């Protein structure tokens, strides 16, 4: 079972596996929050103190903020498994910001499992395909200059101060 170091590697390999076997391949996700054991807490404290002493002696800048050793560690594990071929692809992360991106990518991977067409994510695609239309500016027939829109309700100017009563 290969463990991937980056989420893009896992995504590309999972996409290939899903294209090859969309009916049997399954993607599972597991999110767990583990309270650290006392030995892990000691290791983190030793590492943090050693790293802080080393960075303070080499440079005058303060050490980067490290995780509190008593805080629980959250992990997010993604597995892509095909029982027919016996292939299992796994990726694990502890970064909170990456979890949201990975959840979003699961929707794109699921389109192959549901036999839906791929969605074009090219930003240079024409507006008709993407369903986004750009507003057009109306021009005056006589002058050819853009027609000025009428302001509704006086927005943008300074407000008049009211006197105290």
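In this note's numbering, the protein residues as written are 1 to 165.
By construction, the Cβ of each residue, glycine as well, lies at the ideal position given by its N, Cα and C atoms.
Predicted, not measured: the structure shown is a model, and the values here were computed from it.
Alpha-carbon to alpha-carbon, residue j and residue i
i: residue 40; j: residue 71; result: 11 Å
i: residue 110; j: residue 48; result: 41 Å
i: residue 104; j: residue 83; result: 25 Å
i: residue 44; j: residue 15; result: 37 Å
i: residue 7; j: residue 102; result: 8 Å
i: residue 46; j: residue 98; result: 27 Å
i: residue 53; j: residue 42; result: 17 Å
i: residue 85; j: residue 38; result: 41 Å
i: residue 108; j: residue 100; result: 13 Å
i: residue 161; j: residue 96; result: 47 Å
i: residue 130; j: residue 159; result: Here residue 130 scores only 48 on pLDDT, less than 50, and its place in the model is too uncertain to base an answer on.
Contact under 8 Å by Cβ, residue i with residue j
i: residue 34; j: residue 80; result: no
i: residue 11; j: residue 76; result: no
Residue i classed as buried or exposed, judged by whether at least 16 other C-beta atoms fall within 10 angstroms
i: residue 25; result: buried
i: residue 91; result: buried
i: residue 51; result: exposed
i: residue 116; result: exposed
i: residue 167; result: No answer is possible for residue 167: the residues shown for the chain start at 1 and end at 165.
Cβ neighbours of residue i in the same chain (closer than 7 Å, five flanking residues each side left out)
i: residue 1; result: 88 and 90
i: residue 73; result: 34, 36 and 94
i: residue 19; result: 112
i: residue 62; result: Low confidence applies here, because residue 62 scores a pLDDT of 48, under 50, leaving its location unreliable and the question unanswered by this model.
i: residue 163; result: none
Neighbourhood of residue i by C-beta distance below 8 Å, restricted to the same chain and skipping five residues each side
i: residue 4; result: 10, 13, 89, 90 and 91
i: residue 119; result: 108 and 111
Same chain only: Cβ atoms within 6 Å of residue i, ignoring 5 sequence neighbours per side
i: residue 106; result: none
i: residue 22; result: 112 and 113
i: residue 28; result: 79
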